[in-house]
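Note that the UniProt record's numbering gives residue 17 to position 17 of the sequence shown, counting from 1, and the numbers run on in steps of one.
We put the CB at the ideal spot given by N, CA and C, even for glycine.
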Amino acid sequence: MLNSLATNETELEQLRKQNAAHKELIAKLEADLASAFAGRSDRYGDDLSTIDMLGVVHDTKVEGDDNSVLMIALAQRDRLKLRVGALEEELITEKTKQTMLQTEMEKLQEDNVKLYGKIKFLQGYGSKSAETSVPLPEEGNYSAQYERRLDPFQRFGQAETQRGYARLPLHDRASLSIVLYRFAYTESCERDNQQDCVAKFERHMREHHSNG
């Protein structure tokens with residue numbers, strides 16, 4: 001998920017640079033065109049727009065290299081404008097995708113913190129699993145987030161729950177542990193399914209909505 005978000009941000013930055021470069025080139029072309037038509041403004045008016053310039057070239061049928069250069073410049077200008085429009089559409093698509101990825105990443109992080117809380121809750125019951133378990137790479141991060149979210153009342157409630165669990169008969173504790181582990185496993189499966197859906201959506205966007 002983090003790699004997808006980083007890739008998306010890189011693509012966004014590249015699109016922004018391309019868009020800015022094309023807009024700058026269009027502005028330069030239009031300035032050059034305006035300068036080229038400055039000598040003809042007496043015949044066609046003082047404020048010719050760039051679209052009017054194209055019409056003037058066709059209507060007057062000016063011959064020679066001067067006209068050819070202007071036609072080429074106008075055609076290039078129009079192609080660049082079309083490309084800018086396409087780039088702006090890509091930017092909108094990428095921004096939407098980035099927002100979705102960011103939202104999904106935050107949701108998955110929230111789910112991971114909750115899942116860490118459930119695992120911590122289970123490990124605190126009547127076994128040495130908490131002492132013998134191998135720490136995960138992200139466990140420290142999730143642990144810090146989890147602890148920050150606990151207020152004194154929640155801490156007290158957890159301690160009371162664990163004390164109540166310790167007072168249960170052995171067979172009741174075993175049954176409760178099975179139920180709790182099954183619940184935590186179901187939560188983990190749902191989270192994995194969500195991640196799979198996000199991956200499929202990203203693949204679909206690349207295959208069917210990429211402009212190459």
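Cβ-based neighbour list, residue i, same chain, cut-off 8 Å, excluding 5 preceding and 5 following
{"i": "L25", "result": "L80"}
{"i": "V62", "result": "Its pLDDT being 46, under 50, V62 is placed unreliably by the model, and nothing is read from it."}
{"i": "L91", "result": "L12, L15, R16 and N19"}
{"i": "T96", "result": "none"}
{"i": "E89", "result": "none"}
{"i": "S35", "result": "none"}
Supposed close pair residue i, residue j - CB separation, criterion 8 Å
{"i": "M98", "j": "L12", "result": "It should be noted that the sequence gives Gln, not Met, for residue 98. 6 Å between Cβ atoms; contact."}
{"i": "L29", "j": "Q76", "result": "6 Å"}
Residue j beta carbon less than 8 Å from that of residue i
{"i": "E94", "j": "N3", "result": "no"}
{"i": "D73", "j": "D111", "result": "For the sequence presented, residue 73 should be read as Ala rather than Asp. The answer is no: Cβ separation not under 8 Å."}
{"i": "L87", "j": "Q18", "result": "yes"}
Same chain, Cβ closer than 7 Å to residue i, five either side skipped, listed in chain order
{"i": "R43", "result": "Interpretation of R43 is limited by its pLDDT of 48, a score under 50 that renders its predicted location unreliable; the figure taken from the coordinates is listed afterwards. Cβ neighbours of R43 beyond the five flanking positions: none."}
Check: residue i C-beta below 7 Å from any heavy atom of the ligand FAD
{"i": "E94", "result": "You won't find the ligand FAD in this model; it holds no ligand whatsoever."}
Using a Cβ distance threshold of 8 Å, determine whether the stretch 17-24 contacts the stretch 75-92, with at least three qualifying pairs required.
Counting Cβ pairs under 8 Å, three or more are found: they touch.
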